[in-house]
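Notes for the one structure printed next.
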Amino acid sequence: MIIPENVLKIAEDIRIMRIRGAGRIARAAAHGLRLAAQKYEGKDREDFIKYMKNVSNLLKKTRPTAVSLPNAVTYVISRLMKSYEKGLNLEELKEIVINSANEFITYSLHAIKRIGEIGAGRLLDGDIVMTHCNSSAALSVIITACIHGKNIKVYATETRPKYQGYITYKTLSKNGIDVTLIPDAAARYFMKKVDKVIVGADTVASNGAVVNKIGTSLIALAAHEARVNFLVATETYKFSPVTVIGELVEIEERNPLEIVNEEFLKENSLIKVRNPAFDVTPPEYIDAIITEKGVIP
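Reminder that position 193 of the sequence shown reads as 294 in the working numbering, one-by-one numbering, no gaps.
And the structure:
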């Protein structure tokens, strides 16, 4: 069976970053699998398995760095395969996919709330916090602390070239939080005013290193220099199992046209443009990783 248009659209929206953020793309991938199962019109169990594997491969290829996406897909597909091996019929297999996707999405949303509750205890009344990019988990910590009555001020970086910091600014502003938007390059300049840095994660390696939006490692370095606590808020499904056996996390390189326009490239044909979407922050620059299961010091 051909992959449905609405599933193809989800994959494309993830690829072009219309859907962005490691948690959001993971939930979108689970939703894509759920839709695919609901739309399946065939009558054969084996064909359904092939079809779902094709959908899972399509979704996994959209963004190579954030491990949350393949972990979400694996969560659903592994349960499908176990049920297939037990001999469940086609309708039961479809229900397994739908229910597993629902379970993952529910868990993901609950994890963000729980991280906020745990992480809020790390922020003190009057703290000035810096954040980078647009992390639901990091924002949950800040917003929850404010709900608990703490007066928190925030510096939010623009996060070029896709300007995810604008989304962060709008979210915090709507929640009545005092937030200032700053250029990425000004992070070190403002660090002397900051009490804590809190960011999200796209992937956490087995050695404690964190892969996150490009520029995160520079902010961590500036925080380390200024003796400012650097906190990472992340769901446990962003931990990468393959790094345990020595596999490296692939760093996605995006289109140069996110940085310069096509006319500029035509006029300067010899120029080289690199656009890595993520970088790696070593564990020695990280003071704590806040998860829905607790804090890793």
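Virtual Cβ for every residue (Gly too), placed ideally from N, Cα, C.
Predicted model, so just to flag it, every value in this text is computed and none were measured.
Given residue i as reference, the closest of the options once Cα atoms are compared
i    : options                : result
Y256 : V300, Y152, G188, T245 : V300
H249 : Q265, E259, L224, M231 : L224
L319 : F205, K140, T232, Y141 : T232
N376 : E336, D228, I315       : I315
K297 : H325, E113, K394, A286 : H325
L160 : N200, T260, I117, C247 : I117
L136 : M182, G122, V311, V198 : V198
I126 : I178, M182, T163, I253 : T163
D228 : S237, P262, P105, I253 : I253
K251 : D114, K263, E363, G220 : G220
K394 : A212, N107, S274       : A212
S179 : I120, P165, N200       : N200
I206 : G188, V230, L181, N172 : N172
Y264 : P105, G222, I283       : I283
V350 : N313, N369, L358, L332 : N313
V311 : L273, R119, I397, L134 : I397
V108 : R121, L134, I120, R119 : L134
D148 : V174, R119, M182       : M182
D285 : A302, T260, T272       : T260
V230 : E196, A302, V295       : V295
Rounded separation between residue i and residue j - CA only
i    : j    : result
P342 : K367 : 43 Å
A334 : A389 : 9 Å
D226 : E142 : 56 Å
K373 : I360 : 11 Å
R328 : L322 : 10 Å
T337 : M292 : 28 Å
A51  : N235 : What the structure shows of the chain is the stretch from 102 to 398, and residue 51 is not part of that stretch, so it cannot be assessed.
E363 : P262 : 15 Å
D114 : T166 : 16 Å
N330 : Y208 : 28 Å
L371 : M153 : 44 Å
Y270 : A288 : 15 Å
D380 : K140 : 38 Å
T110 : R119 : Sequence check: residue 110 is Lys here, not Thr. Whole-angstrom Cα-Cα distance: 10 Å.
A378 : R121 : 12 Å
A246 : A238 : 13 Å
T272 : T317 : 20 Å
L358 : N369 : 13 Å
G266 : T258 : 5 Å
A457 : G347 : The question about residue 457 has no answer, for the chain in this structure spans 102 to 398.
L210 : V174 : 16 Å
K339 : E204 : 16 Å
K144 : F365 : 54 Å
P105 : S274 : 38 Å
Three-way DSSP call (helix, strand, coil) for residue i in this model
i    : result
P165 : coil
G395 : strand
K110 : helix
N313 : strand
N235 : coil
I229 : strand
V333 : strand
K154 : helix
T207 : helix
L302 : It should be noted that the sequence gives Ala, not Leu, for residue 302. In this structure, A302 counts as coil in the three-state DSSP scheme.
I390 : strand
D145 : coil
P171 : helix
P357 : helix
K187 : coil
D296 : coil
I199 : helix
A257 : strand
P461 : It is not possible to answer for residue 461, since the shown part of the chain is limited to 102 through 398.
V345 : helix
Rounded distance between the beta-carbons of residue j and residue i, thought under 8 Å
i    : j    : result
R399 : Y176 : As displayed, the chain neither begins before 102 nor continues past 398, which places residue 399 out of reach and without an answer.
S169 : A123 : 4 Å
I268 : L332 : No, I268 and L332 are not in contact; Cβ-Cβ is about 20 Å, not under 8 Å.
field: At least 3 beta-carbon pairs within less than 8 Å: the stretch 272–281 vs the stretch 338–357
entry: no
- prompt: Any contact of the stretch 301–312 with the stretch 374–385, i.e. 3+ C-beta pairs under 8 Å?
  reply: yes
query: Hey, is the stretch 238–245 in contact with the stretch 350–357, meaning 3+ C-beta pairs nearer than 8 Å?
result: no
query: Are the stretch 207–224 and the stretch 191–199 in contact at 8 Å, needing three or more beta carbon pairs?
result: no
message: Whether or not the stretch 130–137 and the stretch 152–170 are in contact is what I'm after, with contact meaning three or more pairs of Cβ atoms, one per stretch, closer than 8 Å; do they touch?
response: yes
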